[in-house]
Amino acid sequence: MSARRAAAAATGVLGELLITAGVVLGLFVVWQLWWTDVVAERAQVQIIEDLGWATPVPAPSEVPDDGIADPQPGDPPVVAAPGPSETFATMIVPRFGDGWERTVSEGVTRSGTLDELGIGWYPHSALPGELGNFAVAGHRVTFGKPFNQIAELVEGDLIVVRTPEVWYVYRVTEHLVVLPQQVEVVAPVPGEIGAEPTQRYITLTSCHPMFSLRERYVVHGVMEYWAWTADGIPAELAGGA
Amino acid sequence: MYGWIWRHLPGPTWVRAVTSVVVCAVVVGVLFTWVFPAVAPLIPFNQLTVGE
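Chains as they are written, first to last, in our numbering: chain F, 1 to 241; chain P, 1001 to 1052.
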């Protein structure tokens, strides 16, 4: 009889442990799909505030007549090489919503940059203003998901990169889905390893399909012009063109 | 197991209930702050960079 009772008690404990394991797994999903966004979005607000120069772009109706930053002739200034995990620019994509602006930091490691600081710049790819390919990666789900709507970008869409002094205005040229090892998408000339760049490209990479390791979603663009931030804001962001 | 813990908690029922809630909250806090971030890289369900 006592043997049966011991067996029943053991079964009870086992059942409780299994239920506990189920609850913990459920909590993990909640943490991954919801809490990482809460933490990262809060951090993002703080990072932008700490930068000091990334003041919100005013609504089109509030831009003064002389507040447009005109395209400048000649080669754009090149951003100074950032240190490890240094936040050196922000990115504005009107397609992602009014007021959407996220920071760009050095590096594409998950724990150092992408999970905490938002968009990450591929070290050794070109910097904004340099001839070649300014390549960045961002989460499409979880950890603040900066590139959540990457698949909504279409040809001609605006991607604006902002530094303390300069606006770099890019237009989307194409999007593609590639395998993770297809590094030619971040080559100086996208898709052509070894080719000498004559233009200033931008490349965004993110996961594809969502919640998957299988492929990568890639968006390419090319720089249209640059302007001084001291002159105002680009006409496109002010509701023009 | 939980029954055993409940029986060994001190105080009247409402004190035990409060203790239980606090203990659960602490456990969830520890999981969210330390355990899940440590475990997450071992279960990568999304990757966003290209590379070898």
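Cβ atoms here follow ideal geometry from the backbone N, Cα and C, with glycine treated the same way.
| query | By a C-beta neighbour count over all protein chains shown, 10 Å radius and 16 as the cutoff for buried, is P:A1025 buried or exposed? | reply | With fewer than 16 Cβ atoms within 10 Å of its Cβ, P:A1025 is classed as exposed.
| With respect to the beta strand (DSSP E) encompassing P:F1036, which residues constitute its N-terminal and C-terminal limits? | No beta strand (DSSP E) contains P:F1036, which is instead part of the alpha helix (DSSP H) from F1036 to V1039.
| task | Would you mind listing the beta strand (DSSP E) stretches within the stretch 79–161 of chain F that are 3+ residues and don't spill past its ends, in chain order? | result | Taking 3 residues as the minimum length, the beta strand (DSSP E) runs contained wholly in the stretch 79–161 of chain F are 87–92, 101–106, 119–121 and 132–137, in order along the chain.
| said: Quick check on the burial criterion: 16 or more other C-beta atoms within 10 angstroms. Buried or exposed for P:I1005? | reply: Counting Cβ neighbours within 10 Å, P:I1005 comes out exposed, since fewer than 16 surround it.
| request: Within the same chain, show all residues whose beta-carbon is closer than 6 Å to that of F:N148, passing over the 5 residues directly before and after it, in chain order. | output: Around F:N148: R140.
| field | F:P128 to P:F1036 span [Cα, whole Å] | value | Roughly 36 Å separates the two Cα atoms.
| task | Kindly confirm or deny that the stretch 163–172 of chain F and the stretch 120–127 of chain F touch, where touching means at least three C-beta pairs closer than 8 Å. | result | Result no; under three Cβ-Cβ pairs closer than 8 Å.
| request: With 8 Å as the C-beta to C-beta threshold (strictly closer), list the residues of the stretch 191–203 of chain F near chain P in chain order. | output: Identification of residues in the stretch 191–203 of chain F having a C-beta nearer than 8 Å to some C-beta of chain P yields an empty set.
| task | Note the first and the last residue of the continuous alpha helix (DSSP H) segment covering F:I47. | result | Looking at the DSSP string, the run of the alpha helix (DSSP H) that includes F:I47 is T36 to L51.
| task | Would you kindly check if the distance between the Cβ of F:P73 and the Cβ of F:W226 is under 7 Å? | result | Contact flag unset, no.
| said: Along the chain, where does the alpha helix (DSSP H) containing F:R200 start, and where does it finish? | reply: Bounds of any alpha helix (DSSP H) do not take in F:R200; it lies within the beta strand (DSSP E) bounded by R200 to H208.
| field | Residue burial classification, F:A241 (beta-carbon count within 10 angstroms, cutoff 16) | value | Note on F:A241: pLDDT 43, under 50, position unreliable in the model; the coordinate value appears next. The Cβ neighbour count for F:A241, taken over all protein chains shown within 10 Å, is under 16; the residue is labelled exposed.
| said: Counting only Cβ-Cβ distances shorter than 8 Å, please list the residues of the stretch 124–152 of chain F near chain P, keeping chain order. | reply: Going along the stretch 124–152 of chain F in chain order, one finds A137, G138, H139, R140, V141, T142 and F147 with a Cβ nearer than 8 Å to chain P.
| query | Assuming F:T113 and F:R162 make a contact with CB atoms under 8 Å, what is their CB distance in whole Å? | reply | Going by Cβ atoms, the distance from F:T113 to F:R162 rounds to 18 Å, so no, they are not a contact pair.
| message | Counting only C-beta atoms, is F:A241 closer than 7 Å to chain P at any point? | response | Caution applies to F:A241, whose pLDDT of 43 falls short of 50 and renders its modelled position unreliable; the value that the coordinates give is listed next. F:A241 does not count as touching chain P.
| task | Drop a sphere of 10 angstroms on the beta-carbon of F:Q199, count the other beta-carbons inside from all chains shown, and report buried for 16 or more, exposed for fewer. | result | Within 10 angstroms of the beta-carbon of F:Q199 lie fewer than 16 other beta-carbons, which makes it exposed.
| request: Find out if the Cβ-Cβ distance for the pair F:W53, P:F1032 is shorter than 7 Å. | output: With a cutoff of 7 Å on beta-carbon distance, F:W53 and P:F1032 are scored as not near each other.
| Considering only the beta carbon of each residue, do P:F1045 and F:F211 sit closer than 7 Å? | Less than 7 Å separates the beta-carbon of P:F1045 from that of F:F211.
| field | Contact residues within the stretch 1016–1033 of chain P, judged by C-beta distance below 8 Å to chain F | value | Within the stretch 1016–1033 of chain P, the qualifying residues are V1028, L1031 and F1032.
| message | Helix, strand or coil for F:G15? Go by DSSP, reduced to three states. | response | Helix.
| query | In chain F, which residues lie less than 8 Å from P:P1041 when you measure between Cβ atoms? | reply | By Cβ distance, chain F contributes R110 and S111.
| query | Does DSSP put F:T55 in a helix, in a strand, or in coil? | reply | Three-state DSSP puts F:T55 in coil, outside helix and strand.
| request: Pick out whichever of F:C207, F:E130 and F:W35 has its Cα sitting closest to the Cα of F:V178. | output: Comparing alpha carbon positions, the residue from F:C207, F:E130 and F:W35 closest to F:V178 is F:C207.
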